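Only one structure is covered here, and it is reproduced in the block below.
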Amino acid sequence: MSTRSCPIRTALPFVLLLVTATAALALLMATANKITQPAVAAPQAFDSARQILFVGQAGDGAVRVLNLRNTIGEIGVLRAPARHHVHDLRLDASQRWLWVLGDDAVYRYDARNLKPAGSYPLQAGHLQQFSRVEQNRYVLQEARNQSGPDA
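Terminal number for the sequence shown in the numbering used here: 852, no gaps in between.
The structure is reproduced here in structure tokens:
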């Protein structure tokens, strides 16, 4: 009786490990681009007194208005024809005005009845977010500050 083992049986675990590692590496390389790009949070503003959440949508430029008081339910959608992305949202201190930073303009809405209250065209530039908002004024944070008109 021979005590030698078959060379194929001895090498089989190593070959299986090598094939599995190669497949895992190929899968990892295919998804590496997706892994290295972090998800960007949607801009939000919250009216604590009324328990209303405003959520900006990047793809269609809409602002969804959600009632969180008793159950979560959508109570409205704010749209603008030229707006394709929502870069930032802010409520003023009185929570009366919602300011929306879009691609081409800053939009102001009455946060209580969800009606548009004005829009202010933007100069070309790389805008990031609101620095601050007040009832009738906004200030954008960018390479150079651009202030909106007093309404």
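Here a beta-carbon is modelled for each residue, glycine too, at the ideal position from N, C-alpha and C.
These numbers come from a predicted model, not from an experiment.
| query | result |
| --- | --- |
| Option nearest Asp804 by Cα separation, candidates Asn768, Gln758 and Gln796 | Gln758 |
| Inter-residue Cα distance where the pair is Thr721 and Leu792 | 53 Å |
| Residue span of the beta strand (DSSP E) that contains Ala818, given as start and end | Pro817 to Pro822 |
| Start and end residues, beta strand (DSSP E) containing Ala806 | Ala806 to Asp811 |
| Distance between Arg770 and Trp800 (C-alpha atoms, nearest Å) | 22 Å |
| Segment limits, beta strand (DSSP E) that includes Arg770 | No beta strand (DSSP E) contains Arg770, which DSSP labels as neither H nor E. |
| Alpha carbon of Leu794 to alpha carbon of Ile753, nearest angstrom | Per the sequence shown, the amino acid found at residue 794 is Ala instead of Leu. When rounded, the distance between both Cα atoms is 15 Å. |
| Buried versus exposed call for Pro817 [16 or more other C-beta atoms within 10 Å across all chains shown] | exposed |
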